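Novice: Please read through the structure below; I'll follow up with questions.
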Amino acid sequence: MTGTVAGQEPAGGAPVQSSPAREVPMGVRVGQKAPDFTAPAYHKGGFTQVTLSSFAGKWVLLCFYPGDFTFV
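For the sequence shown, the positions run 1 to 72 when full-length UniProt numbering is used.
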């Protein structure tokens, strides 16, 4: 058995000890520097990998929607 039902004790009878969940802040606030990342891009007729750091000092537009700029 790999787990238990919520509220059910494991087969040994002792409750499972777990550490409390820790919240990790995510996202970037206005005026805060975005973290560097690598992502696939379509550029000049082909697919390539780009990094945010390669556009340092330039304006960048990120499209997060799967339908943006697709051929569908």
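Beta carbons are placed, not taken as given, at the ideal position from N, Cα and C, and that holds for glycine. Bear in mind the structure is a predicted one, so any value in this text is a computation, not a measurement.
Ends of the beta strand (DSSP E) at Phe-47?
Specialist: Element bounds for Phe-47: 46–51.
Novice: Just to confirm, is the Cβ distance from Thr-51 to Phe-37 under 9 angstroms?
Specialist: Contact flag set, yes.
Novice: What residue range does the beta strand (DSSP E) around Ala-39 cover?
Specialist: That run of the beta strand (DSSP E) goes 38–43.
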